[in-house]
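Asks:
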Amino acid sequence: MAAPSSRRDGGDGASLWATLLLVVVALRPAEAVSEPTTVAFDVRPGGVVHTFSQNVGPGDKYTCVFTYASQGGTNEKWQMSLGTSEDHQHFTCTIWRPQGKSYLYFTQFKAEVRGAEIEYGMAYSKAAFERESDVPLKNEEFEVTKTAVSHRPGLFKAELSKLVIVAKASRSEL
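Residue numbers (the numbering used here): 8 to 181.
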C-alpha cells in the first residue's frame with residue numbers, strides 16, 4: 008500500500024509521515040530494525056538500462072531492485088542499504104548518492120521490492136548532505152504501487168538522488 012494521501016499534498020506531508028512511521032517503529036520493540044547492510048555500486052550513464060539488486064532477511068526473503076537509465080557525466084558512487092525488523096516482517100530499502108545531489112540526467116528509474124508490499128515510498132531529487140536536507144520530487148513526478156516506486160513518463164524532471172522504501176512481508180496463501 009502506498010503512503011497515506013497526505014504524501015501527495017505537495018507540502019511537507021511526506022516528512023511528517025516518515026517521522027510518524029519512525030516514531031511508531033521506535034516505540035514497538037518487537038519491530039526494532041536490525042543493523043542495515045550497505046552495499047556501494049556505480050550508477051553509470053550512457054542511456055542504457057542498468058539494474059542493481061540486493062537480498063536481505065532470513066534465506067534472502069526480500070529483494071530490492073533498482074533499475075535505471077541515465078545520461079551525462081561519468082559514473083557516480085551510490086549505495087543501497089537494506090535492513091529488516093527483528094521479527095523479519097518489515098524491511099527497508101534506501102538507494103542514494105551519499106554526496107547529495109546527482110549530476111546525472113535520469114531518463115527513467117524504478118525501485119521495486121520482492122517478497123513484500125510497500126507501505127511507504129518516497130523519491131528525492133537531492134539527498135541530505137552536510138547541512139543540506141533531502142529535497143523530495145514533486146508528487147506528480149513519481150508513483151508508488153504495492154511493489155515499486157517509479158518515474159512517471161513525461162512528468163519526471165530527470166533529477167534523482169535518493170529513494171526510500173518501507174515494506175511489509177507479503178501475505179502468503181495457505
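Note that CB positions come from ideal geometry on N, CA and C, so glycine has one too. Keep in mind it's a predicted model, so treat the numbers as computed, not measured.
Beta-carbon within less than 7 Å of E126's beta-carbon, same chain only, minus the 5 sequence neighbours each way: which residues are those?
Replies: Residue mapping note: residue 126 aligns to position 119 of the sequence shown, counting from 1. Closer than 7 Å at Cβ, skipping near neighbours: M8, V173, A174 and K175.
Asks: For A130, which option in T45, H57, E124 and V142 has the closest C-alpha, if you only look at C-alpha atoms?
Replies: Stepping through the sequence shown from its first residue, residue 130 is reached at position 123. Nearest C-alpha to A130: V142.
Asks: Determine the burial state of S12: buried for a count of at least 16 other Cβ atoms within 10 Å of its Cβ, exposed for fewer.
Replies: Working through the sequence shown from its first residue, we reach residue 12 at position 5. Note that S12 scores a pLDDT of 36, beneath 50, so its modelled location is shaky and nothing firm can be said.
Asks: Identify which residue in F116, Y110 and K133 has its Cα closest to the Cα of F183.
Replies: Since the displayed the chain opens at 8 and closes at 181, residue 183 lies outside it and no answer follows.
Asks: Does the separation of the CB atoms of G107 and A134 fall below 7 Å?
Replies: Locating residue 107 in the sequence shown gives position 100, where the first residue counts as 1. Locating residue 134 in the sequence shown gives position 127, where the first residue counts as 1. Yes. Within cutoff.
Asks: Considering Cα atoms alone, identify which of Y69, A118 and F48 is closest to N82.
Replies: As a first step, residue 82 is located in the sequence shown; it is residue number 75 there, counting from the start. Nearest of Y69, A118 and F48 to N82, Cα basis: F48.
Asks: Give the DSSP bridge partners of K169, in chain order.
Replies: As a working mapping, residue 169 is identified with position 162 in the sequence shown. W103 and Y131.
Asks: If I'm right that T101 touches V46 with Cβ under 8 Å, what's the distance once you round it to whole angstroms?
Replies: In the sequence shown, counting from the first residue as 1, residue 101 sits at position 94. In the sequence shown, counting from the first residue as 1, residue 46 sits at position 39. Wrong, their Cβ atoms sit about 11 Å apart, outside the cutoff.
Asks: Short of 7 Å in beta carbon distance, which residues of its chain neighbour E150, apart from the five on each side in sequence? Order them along the chain.
Replies: Counting from one through the sequence shown, the residue named residue 150 turns up at place 143. Around E150: S157 and R159.
Asks: Report yes if the CB atom of A165 is closer than 7 Å to the CB atom of Y112, and no otherwise.
Replies: Residue 165 sits at position 158 when you count from the first residue of the sequence shown. Residue 112 sits at position 105 when you count from the first residue of the sequence shown. Cβ atoms of A165 and Y112: closer than 7 Å.
Asks: Which parts of the stretch 57-110 are runs of the beta strand (DSSP E), unbroken and 3 residues or longer, counting only runs that do not cross its ends?
Replies: With a minimum length of 3 residues, the continuous beta strand (DSSP E) runs that stay inside the stretch 57-110 are 57-63, 69-78, 83-91 and 97-103.
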